[in-house]
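Take the position in the sequence shown, starting the count at 1, then add 1404; the result is the number in the working numbering.
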Amino acid sequence: MEAALLAVHVLGGILFVGPVTVAASLFPRYVADGNTVGAAAALHRISWAYGRLALIVPLVGIALAFVQDRMGEIWITIAMVLTAIAGGLLAFRIVPEQRAALAAAPAPDRRTRLMALTGTFNFLWVVVVVLMVVRPGSDYVS
1405 MEAALLAVHV LGGILFVGPV TVAASLFPRY VADGNTVGAA AALHRISWAY GRLALIVPLV
1465 GIALAFVQDR MGEIWITIAM VLTAIAGGLL AFRIVPEQRA ALAAAPAPDR RTRLMALTGT
1525 FNFLWVVVVV LMVVRPGSDY VS
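See below:
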């Protein structure tokens, strides 16, 4: 059971979170060019759809933490908080900003804000991955 949960957790991160980070990062570049609005719309759809599919990653991660009896470890708690922040950033700031940018050509400051939001989103995921690998404060021996 543990191996299956770990496989789903890792594959979900690769297959769902990965495309969201790439699509969200590329969106500001393509929405600014009037000739690539179709590509920007596709990147927005990827951000929205894969963002929803990515919900499986923290859900399976929580189940995995329970199975491994590691739910109280600080790195798990920090990773869950950062994941919630990243998810909220995607759902309540990035995707709505993308939608607004598609409706009307974004001003340079709005595009810059969207790039900063996606950079922050991606950085949060980098920190979560590092926590998953390093496991600071863990007494678990693999």
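Every residue, glycine too, gets a C-beta built ideally from N, C-alpha and C. It should be emphasised that the depicted structure is a prediction, and the values quoted were computed from it without experimental measurement.
Neighbour-count burial assignment, Ile1418, 16 or more Cβ in a 10 Å radius: exposed
Met1484, DSSP secondary structure in three states: helix
Same chain, Cβ closer than 8 Å to Pro1540, five either side skipped, listed in chain order: Ile1478, Trp1479
Given 8 Å, three or more beta-carbon pairs between the stretch 1428-1445 and the stretch 1461-1474: no
Given 8 Å, three or more beta-carbon pairs between the stretch 1500-1513 and the stretch 1529-1536: no
Residue ranges of each alpha helix (DSSP H) within the stretch 1464-1530, 4 or longer: 1478-1493, 1499-1507
CB contact flag (Leu1528, Pro1432, <9 Å): no
Val1461 to Ala1520 span [Cα, whole Å]: 24 Å
Distance, Ala1458 Cα to Asp1437 Cα: 29 Å
N- and C-terminal bounds of the alpha helix (DSSP H) containing Thr1440: From DSSP, Thr1440 is part of no alpha helix (DSSP H); its letter is neither H nor E.
Residue interval of the alpha helix (DSSP H) (run including Leu1551): Beyond the ends of the chain as shown, which are 1405 and 1546, falls residue 1551; an answer cannot be given.
Coil, strand or helix - Ser1542 by DSSP: coil
Rounded separation between Val1435 and Ala1509 - CA only: 7 Å
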